[in-house]
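Undergrad: Each residue of the sequence shown is one higher than the last, beginning at 426 in the numbering used here. For every residue, glycine included, the Cβ atom is placed at its ideal position computed from N, Cα and C.
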Amino acid sequence: NNLYRNDSAPEGTLRFVDVAPGLNGQDQASGMSVSWGDANRDGRMDLYVGNMFSSAGRRIATQGAFSAGSPEDVRRALLRFARGNTLLLNRGDRFEDVSEPSGVTMGRWAWSSSFADLNNDGWEDLVVANGYLTTGDTGDL
């Protein structure tokens, strides 16, 4: 997944630059959706990325034999890929991954998501719609 800043010129020349690596905004997983909202009420837009999740992939990625001999960064990337969803808090000059401590990684196959204050307490809640298709039904649109 990438985050592109629009650096287009006033005369209309379109140019987008991937700024995710420099902002710690890369989410290396199988992205399905994104949502922007102010999760921590600091006035900055935070980013939630809904990804595919596979419990089988998670089990395999956590087995020591699966990544034996791989560098630590490769093992971390494999675990990250199988983890699920991501919440990135906007710290102004970078993003901070707070997915695990905030409890938002388990969204299964998150097809879409949205921030909304559902209970009117002043905090934006997170709604995640998810699903999983295993076989195609030729009679299904």
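To the nearest angstrom, report how far apart Leu-514 and Val-553 are at their CA atoms.
TA: Translated into positions along the sequence shown, residue 514 becomes position 89. Translated into positions along the sequence shown, residue 553 becomes position 128. Computed Cα separation, rounded: 17 Å.
Undergrad: State the DSSP-derived secondary structure class of Ser-527, mapped to helix, strand or coil.
TA: Against the sequence shown, residue 527 aligns to sequence position 102. Residue state, collapsed to three classes: helix.
Undergrad: Could you give the distance in angstroms between the alpha-carbon of Tyr-429 and the alpha-carbon of Gly-456?
TA: As a first step, residue 429 must be located in the sequence shown, where it is residue number 4. As a first step, residue 456 must be located in the sequence shown, where it is residue number 31. Distance between the alpha carbons of Tyr-429 and Gly-456: 15 Å.
Undergrad: Do you know how far the Cα of Glu-549 is from the Cα of Gly-468?
TA: Translated into the one-based positions of the sequence shown, residue 468 becomes position 43. Translated into the one-based positions of the sequence shown, residue 549 becomes position 124. Taking the straight line from one Cα to the other gives about 12 Å.
Undergrad: State the Cα-Cα distance for the pair Tyr-473 and Leu-551, rounded to the nearest angstrom.
TA: Here residue 473 refers to the residue found at position 48 when the sequence shown is read from its first residue. Here residue 551 refers to the residue found at position 126 when the sequence shown is read from its first residue. Computed Cα separation, rounded: 9 Å.
Undergrad: Specify, as a first and last residue, the run of the alpha helix (DSSP H) that Ala-493 falls within.
TA: For the purposes of this step, residue 493 is taken as residue 68 along the sequence shown, with counting starting at 1. Looking at the DSSP string, Ala-493 is not in any alpha helix (DSSP H), and its letter there is neither H nor E.
Undergrad: Roughly how many angstroms separate the alpha carbons of Met-470 and Arg-519, rounded to a whole number?
TA: Here the question's residue 470 lines up with position 45 in the sequence shown. Here the question's residue 519 lines up with position 94 in the sequence shown. Their Cα atoms are separated by approximately 12 Å.
Undergrad: Could you check what DSSP says for Asn-543 in three-state terms: helix, strand or coil?
TA: Stepping through the sequence shown from its first residue, residue 543 is reached at position 118. The sequence shown places Leu at residue 543, not Asn. Correct three-state label for Leu-543: coil.
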